[in-house]
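See structure below.
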DNA sequence: TTAATTCCTATTGACTTAGTATGAAAAGCA
DNA sequence: TGCTTTTCATACTAAGTCAATAGGAATTAA
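Chains as they are written, first to last, in our numbering: chain A, 1 to 148; chain B, 1 to 148.
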């Protein structure tokens with residue numbers, strides 16, 4: 001699938017915030033340094049997530065971002081829709097007015113695909129990602145690495 | 001979802017061939033006229049479907065295209081992969097080498113999504129589309145239309 | 001030989017996207 | 001107050017992608 005860099009960086013930022021916010025807000029600069037994403041690029045993405053009520057921002061010194069609700073209440077569907085509304089929405093290309101084949105295609109395929117994607121992404125939360133990250137992280141440090 | 005015009009036009013062409021080939025091959029010009037798609041554009045799409053062994057071409061006068069096998073044996077997965085290999089394949093953006101969050105994202109989301117899409121599209125055939133088209137077509141002519 | 005057709009490849013123009021740049025506004029702190 | 005840290009808003013650019021067009025070569029039936 002083609003997913004924009006914006007969506008991927010947005011999700012990564014949210015997981016970062018989820019992991020690294022201990023009472024205090026997480027700043028763009030910190031996310032940028034940890035995740036190796038341009039700060040200026042993040043400054044474009046995070047406000048969109050704020051508008052979607054996924055994160056809350058505090059301006060000024062000691063400012064930054066925090067999640068508006070527990071990570072298990074933030075679904076990737078929320079996030080993806082906030083950053084790129086086309087990903088989970090229906091395919092629209094041909095003018096459906098006078099193309100019955102396009103209608104059939106939409107009914108048999110596109111609408112079912114997007115319905116599934118909405119459903120599936122609606123059941124994966126930031127918490128799931130953070131947990132998986134934790135496990136990957138633990139595995140990386142605990143187990144010996146075998147080099148070829 | 002974002003699906004390229006090429007994929008949509010390709011599928012429409014195949015359904016058209018499926019519907020309109022009675023022993024004889026279907027020409028680009030006829031598809032173009034019926035489906036209102038530029039012939040030159042189709043000339044770019046159909047050879048790709050031939051290379052994927054979905055259609056067979058006959059050159060020269062009285063030439064054209066026919067399906068290589070029964071419509072119920074041609075899945076939309078075949079077609080989509082032939083025309084745009086990115087649609088049903090994994091999201092790859094960040095360098096996964098040193099981003100565990102991207103790894104987590106891939107495992108929890110992208111790879112499952114694409115696996116499902118491969119599976120789903122592998123179970124919808126051209127025959128399904130043609131049948132649906134027939135039903136839509138019959139409904140359009142049989143039932144009275146209500147104009148506002 | 002002619003007409004009909006697929007095939008090949010280049011090109012164009014429009015649009016999208018990733019990422020940068022500049023600076024304003026807000027807020028903590030001394 | 002003034003300095004620093006931060007988010008916010010908006011404009012811009014360079015690269016890439018995509019849809020569609022164009023021109024002509026190759027093939028075949030009649």
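Where a beta carbon is used, it is the ideal one built from N, C-alpha and C, also for glycine. Computed from a predicted model, the values in this text were never measured in an experiment.
Residue nearest to residue i in terms of C-alpha spacing, selected from the options
{"i": "residue 49 of chain A", "options": "A:3, A:35 and A:7", "result": "A:7"}
{"i": "residue 140 of chain B", "options": "A:103, A:114, A:136 and A:113", "result": "A:103"}
{"i": "residue 81 of chain A", "options": "A:128, A:71, A:53 and A:67", "result": "A:53"}
{"i": "residue 37 of chain A", "options": "B:99, B:37 and B:116", "result": "B:99"}
{"i": "residue 158 of chain B", "options": "B:138, B:12 and B:128", "result": "No statement about residue 158 of chain B is possible, as the shown extent of chain B runs from 1 to 148 and does not include it."}
{"i": "residue 43 of chain B", "options": "B:1, B:9 and B:71", "result": "B:9"}
{"i": "residue 55 of chain B", "options": "B:21, B:40, B:138 and B:39", "result": "B:21"}
{"i": "residue 109 of chain A", "options": "B:51, B:132 and B:111", "result": "B:132"}
{"i": "residue 129 of chain A", "options": "A:71, A:83 and A:116", "result": "A:71"}
{"i": "residue 127 of chain A", "options": "A:83, A:40, A:69 and A:117", "result": "A:69"}
{"i": "residue 5 of chain A", "options": "A:58, A:57 and A:83", "result": "A:83"}
{"i": "residue 1 of chain B", "options": "A:51, A:57 and A:112", "result": "A:112"}
Exposure of residue i, with buried meaning 16 or more beta-carbon neighbours within 10 Å
{"i": "residue 106 of chain B", "result": "buried"}
{"i": "residue 147 of chain B", "result": "Note that residue 147 of chain B has pLDDT 48, beneath the 50 cutoff, so the model's placement of it is unreliable and no number is given."}
{"i": "residue 125 of chain B", "result": "buried"}
{"i": "residue 91 of chain A", "result": "buried"}
{"i": "residue 33 of chain A", "result": "exposed"}
{"i": "residue 135 of chain B", "result": "exposed"}
{"i": "residue 87 of chain B", "result": "buried"}
{"i": "residue 23 of chain A", "result": "exposed"}
{"i": "residue 138 of chain B", "result": "exposed"}
Rounded distance between the beta-carbons of residue j and residue i, thought under 8 Å
{"i": "residue 63 of chain A", "j": "residue 25 of chain A", "result": "6 Å"}
{"i": "residue 46 of chain A", "j": "residue 28 of chain A", "result": "7 Å"}
{"i": "residue 114 of chain A", "j": "residue 89 of chain A", "result": "6 Å"}
{"i": "residue 17 of chain B", "j": "residue 66 of chain B", "result": "7 Å"}
{"i": "residue 93 of chain B", "j": "residue 3 of chain A", "result": "7 Å"}
{"i": "residue 41 of chain B", "j": "residue 116 of chain A", "result": "Between residue 116 of chain A and residue 41 of chain B the Cβ distance is about 30 Å, and since that is not below 8 Å, they are no contact."}
Check: residue i C-beta below 7 Å from any heavy atom of the ligand MG
{"i": "residue 74 of chain B", "result": "The ligand MG is absent from the structure shown, which contains no ligand whatsoever."}
What residue ranges within the region 23-62 of chain A form continuous alpha helix (DSSP H) runs of no fewer than 4 residues, ordered along the chain? DSSP runs (the alpha helix (DSSP H)) wholly in the region 23-62 of chain A: 28-35 and 39-51.
Any 3 or more C-beta pairs closer than 8 Å across the region 68-81 of chain A and the region 119-137 of chain A: Cβ pair count under 8 Å is three or more, so yes.
Report the start-end ranges of each beta strand (DSSP E) in the region 61-130 of chain B that is 3 residues or longer and not cut off at the edges. Within the region 61-130 of chain B, the complete beta strand (DSSP E) runs of at least 3 residues are 64-67.
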